[in-house]
Each structure stands twice: as structure tokens, then as C-alpha cells.
Amino acid sequence: GITRHYKFHIRLQNMTRLCHTKSMVTVNGKFPGPRIVAREGDRILVKVVNHVPNNVSFHWHGIRQIQTGWADGPAYITQCPIQTGQTYVYNYTIVGQRGTLFWHAHITWLRATLYGPLIILPKHNVSYPFQKPYKEVPIIFGEWWNADPEAVISQALQTGGGPNVSDAYTINGFPGPLYNCSANETFKLKVKAGKTYLLRMINAALNDELFFSIANHTLIIVEADAVYIKPFETDIIVIAPGQTTNVLLKTKPNSPNATFLMAARPYFTGSGTFDNSTVAGILEYKKPSVSSASNVSIEGLPLPTLPPINATSFVANFSNKFRSLATPQFPANVPQTVQKRFFFTIGLGSSPCSNNQTCQGPNGTKFAASLNNISFALPKTALLQAHFFGQANGVYTTDFPTTPLMPFNYTGTPPNNTMVANGTKVAVLPFNTTVEVVLQGTSILGAESHPLHLHGYNFFVVGQGFGNFDPNKDPANFNFVDPVERNTVGVPSGGWLAIRFRADNPGVWLMHCHFDVHLSWGLRTGMGSFGWQAPQSEATSSTV
Ligand code: C2O
Numbered sequence: 004g005i006t007r008h009y010k011f012h013i014r015l016q017n018m019t020r021l022c023h024t025k026s027m028v029t030v031n032g033k034f035p036g037p038r039i040v041a042r043e044g045d046r047i048l049v050k051v052v053n054h055v056p057n058n059v060s061f062h063w064h065g066i067r068q069i070q071t072g073w074a075d076g077p078a079y080i081t082q083c084p085i086q087t088g089q090t091y092v093y094n095y096t097i098v099g100q101r102g103t104l105f106w107h108a109h110i111t112w113l114r115a116t117l118y119g120p121l122i123i124l125p126k127h128n129v130s131y132p133f134q135k136p137y138k139e140v141p142i143i144f145g146e147w148w149n150a151d152p153e154a155v156i157s158q159a160l161q162t163g164g165g166p167n168v169s170d171a172y173t174i175n176g177f178p179g180p181l182y183n184c185s186a187n188e189t190f191k192l193k194v195k196a197g198k199t200y201l202l203r204m205i206n207a208a209l210n211d212e213l214f215f216s217i218a219n220h221t222l223i224i225v226e227a228d229a230v231y232i233k234p235f236e237t238d239i240i241v242i243a244p245g246q247t248t249n250v251l252l253k254t255k256p257n258s259p260n261a262t263f264l265m266a267a268r269p270y271f272t273g274s275g276t277f278d279n280s281t282v283a284g285i286l287e288y289k290k291p292s293v294s295s296a297s298n299v300s301i302e303g304l305p306l307p308t309l310p311p312i313n314a315t316s317f318v319a320n321f322s323n324k325f326r327s328l329a330t331p332q333f334p335a336n337v338p339q340t341v342q343k344r345f346f347f348t349i350g351l352g353s354s355p356c357s358n359n360q361t362c363q364g365p366n367g368t369k370f371a372a373s374l375n376n377i378s379f380a381l382p383k384t385a386l387l388q389a390h391f392f393g394q395a396n397g398v399y400t401t402d403f404p405t406t407p408l409m410p411f412n413y414t415g416t417p418p419n420n421t422m423v424a425n426g427t428k429v430a431v432l433p434f435n436t437t438v439e440v441v442l443q444g445t446s447i448l449g450a451e452s453h454p455l456h457l458h459g460y461n462f463f464v465v466g467q468g469f470g471n472f473d474p475n476k477d478p479a480n481f482n483f484v485d486p487v488e489r490n491t492v493g494v495p496s497g498g499w500l501a502i503r504f505r506a507d508n509p510g511v512w513l514m515h516c517h518f519d520v521h522l523s524w525g526l527r528t529g530m531g532s533f534g535w536q537a538p539q540s541e542a543t544s545s546t547v
């Protein structure tokens, strides 16, 4: 591989959407940010220079970061934030991965404006295991706030309540013609008839899982989270924040002049506030010779059919269709036995609020979210730094429980007491052990689907179901042959999901809900793969 150099200048830039102009934090003045394009095996160097008042840090979402934990990015987990005027160089190599991923800021809610595609092409002279596309197009979903998203979350955290929802969803930064004062801010994909396009789809939205469809067109899904899958056809895709997927779009053989709408809107099962608006874009067939029309009217164009907002069984069915290729060239190395087992409950709840006059959570508390009833508090020193220098004392503890502190009928009547404990606890995965985590959704404050993301690893989704996980019955149905391999997965609303992986990447890695509101409320934990010894040759300089 070669080394590819990128420079990220973090600057304020005026941006206008929905007739609101605001000064926002950007990478190189762009929204969405620049594309990173590399090949499998390449080394990436990104020099970040921070020119804004905010602290920043960047995560290369889905990159394994094998032995390069310092480049992973979450603030206070693997590094201290990059302060105003400071520079930080992210340096990592892409090992054994190819496909679509993305990068985003990993501190407070800055990823609302700091995100962009991270595209990994196969090595030279290696082809895709599917039809070669005529063209490749990134499609990246996001959200737009007329207000400053940083202010939105800090206000919510101070009052202990839920933050305001965004004003629009976006495709490649554009809200589209269904919003007020937005007709000119529409993503338009111009295509030729009878060709195959590869859409590299990324959900960079902060707080919503999305349905997406293109009217009158079928999509073929070929990859998820930068891993090839067994292709399958669908009219509608479901994509959670943190997930990426590659789909083939075959354009109609003879449709010159035709125009179709594409649209995305949220899948939402819980109670509470959410944005139920729709972002739309345009798929426009180019006329063979004449130059394409300048202004397309969407009047009379039908919106693609999207499922209802709470279509739980549609979503479960859809996610069940993802299967690893599991071929000799792309094997699924699923751990067949387990050395370290965890059972994590995912819950929303409440925690004590110091200023109870202003606290908007249940009964004068503040909203909290937890894994195993522990709401993770960010430390003052980065976990990886504390671990590396042997100074964990006072920074974190290693007593993260393997089962919940407060067992109950998880998908039945919620308990009266939903208080969580605050702590900075790390779950320990001894280096190179095989790990199973059962992620159990709970009914506290409304059963809701949570996109759980693990840094530093891909995992295999060996099982999923509704209701409470039954350790005596459910493992018999686990798939060890071709389970999908991902880095982010939606834990079904009112159900559970089981993942397996080998803890072969030393360091401290974050696991969290990829809804930023839940992340801010503490739905995260450190996963420490400890006990790795650097090979002798790396640890000491050899004496001849
Ligand atoms: Cu995409 Cu911890 O994040």
C-alpha cells in the first residue's frame, strides 16, 4: 500500500439551509466534509489543525485500528481533545477491509457538522465480488439544526431533559424539496439508462434510524459496514446511525427524460420526541444527446413507498437477510466457543439531578441511559492513556459487571425504580479471548431500537429475537455458518441480539449507542482488551 496524506483544517463557515444562515464548525469549509479515498493496505495520515474555539477529535468509524488505538479518536477514551490552536496527526493502516465507512467528530455533538465518507477500494487488480459498477456515488444522510447543535445538547444536559430534535434530515447535506424554503437545496443524482450504479450509503444522522427508497427502482445490497455480504434485493433499506451499506442500483433500460424521487424518513419505536419529516432527492435520467434540463419540478412525482414509522417486524425481517459471504476468499471466522461471556441490558432511565428546580427528567431527575444499569461518566484522562502508563487508579475501574445490577422482566412491566449508577467502568476482555455479548433491550421508558457500535472490532451477529433472551433455549438457534459481520447493529425494540468476536486488538475501545442523545446520557462503556505483550523485537531494540 501507499501513504495518503490529508489535511483537516477545522474552521467556522457560514452555511445556509431552510433559509437560516449560521456559522458552523466545518472541515475545510465543507458540509459534509471531504471524502477520504484509499485502497486496502494503504496508510492514512490525517493532520488535523484546530482553528475554532471548540475542542475536537475524529473517529474513523469502522476502521479496525489494529494496534493503533491512539488513532481511534473518541475524546477521553483514546485521546485528549484537540484544543484550539493544536494539531494532531491520525496515523493508521487499513488492514483486511474494503468498502464504505465514514469519519466523524467524536466529542459532544460536533459530528452534526463534522462528517464525511471514508471509501476503501479493493487492492489494485482485485475486483468486487459483484458486477462492476458504471459509477460509484456516496449517499450520506445527516441532520440539520437551525440552532447550534452543541447548544441544543448542552442545554438539554443542564436541564436533565431531552434535546430539541433537528429541523431536517439531509442527503449529502441537502434537506430537499419537501421542507419549507429548501427547493433549491436538493440532492440530484443524474444517471444514464441501462447502467449499474454503486451507491455507498452512510447514515451519519445523530439520532434516527432511517428508511430509504427510490420510487420504481429495486436495490441490491452487496455490502454492510465494509464487509461483503450475500447480495439480496429490496425496495427499501433500513440504515441506523453508524451503519454503512453498499447497494447496486440498476437503471431502467429505456427511460430517457424520466425523473424519480428518492426519500428517507425515520424508523422510530419509542416514546418521546423525534423528527418525523422526510428528506427527498431526485434521480434524473439524462437525455441521450440534449443537455439536461436545468430545473426539474417535482410536482406530480410520487414519493417512494416507505414503511410506517414503527414497522418493527419489517426491520427485523430486513436485518435477518444480511448474511456473510462465507466463501474461501471471504471466510466468516466466527468464534465457535466462548471464553468470556457478557449479558448487557440497554436501558433508558434516570439519575439524580443536582439542581432539581430545573430538572426535566422523570420525578425531578435527569434522563440517563445505561448498560447494565451503569451510566458511563467520561474521565478527565483518556482511558487508553491511563492504561498505557499504568495509571488507571482514579481514572477508571475494571469492575464492569458481566450481568445487570438490577435484573427484572426486561421486556415486561418496567420497574418503579429506574435509577442508574454513574461510573467510569471498563469491561475486561483478556487479550485474544473469544467474547460473546448478549445485548438485551428493555422496556424502561418505552422499548426502543438502539444501534450499538463497537470500536476496534467487527463482530458476528449470531442470533436475535424478541422478548427476553433465554440462555437455555436461544443459543441452539445461533448461526455460526454465515452470520453477518458488522461494527454497528440495531438491537431490536423489545428484543435481544447476540454478538461474538475475538478480542485480538489490544487497547481500550468504546462500545456505545450511536444515537448521540443516548451516548450523551451515558449509554457507553469502555472495553479493555488487556494483557497483550509487544513482541520482543518491538519492545526492546535488539543487541547484535
Ligand atoms: Cu461512529 Cu463511537 O462512533
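Heads up: the sequence shown is residues 4 to 547, going by mature numbering (1 follows the signal peptide of the UniProt record, and there is no 0). A virtual CB, placed ideally from N, CA and C, is assigned to each residue, including glycine.
Spatially closest choice to residue i from the options, by CA coordinates
| i | options | result |
| --- | --- | --- |
| T491 | V441, K195, V511, V464 | V464 |
| A335 | T401, Q536, G350, G99 | G99 |
| A460 | G72, T405, P418 | What sits at residue 460 in the sequence shown is Tyr, not Ala. Per the Cα distances, G72. |
| F345 | N313, L386, L432, V282 | L432 |
| L252 | W535, Q68, L202 | L202 |
| I5 | R46, V30, L222, F34 | R46 |
| F392 | G245, V511, T247, A267 | V511 |
| P454 | T436, S322, C356 | S322 |
| G44 | V59, F34, G102 | G102 |
| I223 | N210, A208, V241, L209 | V241 |
| D228 | E488, H515, P37 | E488 |
| A261 | L304, F481, P269, E236 | L304 |
| S185 | P120, A283, P141, S274 | A283 |
| Q158 | T111, E139, E439 | T111 |
| V337 | M530, R503, Y9, V140 | R503 |
| T189 | V484, I301, Q536 | I301 |
| R38 | I80, I123, N57, T87 | I123 |
| L442 | Q339, G179, L448, G466 | G466 |
| Y288 | Q339, G197, S353 | G197 |
| G493 | F481, N420, S316 | S316 |
| P365 | T421, A385, S258 | T421 |
| P35 | H64, Y131, F177 | F177 |
Chain-order list of residues whose beta-carbon lies under 6 Å from that of residue i (same chain, five-residue window excluded)
| i | result |
| --- | --- |
| Y91 | V51, I85 |
| T414 | S446, G470, N471, G497 |
| P418 | F411 |
| L363 | Here residue 363 is Gln; the residue named in the question, Leu, does not match the sequence. Excluding positions up to five away in sequence, the list reads T162, G163, G164. |
| N17 | T24, S26 |
| W524 | F370, A371, A372 |
| Q342 | T436, T437 |
| R7 | A41, D45, I47 |
| E451 | T272, G273, S496 |
| D211 | P269 |
Whether residue i touches residue j by CB criterion (7 Å)
| i | j | result |
| --- | --- | --- |
| S532 | A506 | yes |
| T348 | P404 | no |
| L306 | L264 | yes |
| F214 | I239 | yes |
| Q68 | Y95 | yes |
| V423 | S378 | yes |
| Y172 | L21 | no |
| G534 | F434 | yes |
| I143 | N187 | no |
Buried versus exposed call for residue i [16 or more other C-beta atoms within 10 Å across all chains shown]
| i | result |
| --- | --- |
| K126 | exposed |
| I156 | buried |
| A150 | exposed |
| K428 | buried |
| N279 | exposed |
| T247 | buried |
| H456 | buried |
| T330 | exposed |
| A389 | buried |
| V129 | exposed |
| P474 | exposed |
Contacts around residue i, its chain only, beta-carbon distance under 7 Å, and the 5 residues preceding and following it disregarded
| i | result |
| --- | --- |
| F133 | V225, P234, L251 |
| A115 | E146, W148, P152, L209 |
| P355 | T368 |
| L522 | H515, C516 |
| T276 | G165, V168 |
| N480 | G466 |
| A385 | Y79, I80, T81, Q82, C83 |
Contacts around residue i, its chain only, beta-carbon distance under 8 Å, and the 5 residues preceding and following it disregarded
| i | result |
| --- | --- |
| F61 | F11, V49, V51, G76, Y93, W106, H107, A108, H109, L117 |
| D402 | K428 |
Min CB distance residue i to chain C below 7 Å
| i | result |
| --- | --- |
| S378 | Looking at the structure shown, chain C is missing, and only one protein chain is on hand. |
> Which residues have their C-beta within less than 7 Å of a heavy atom of the ligand C2O, listed in chain order?
Replying inline: Here the list is H62, H64, P77, H107, H109, G245, H456, H458, L513, H515, H517.
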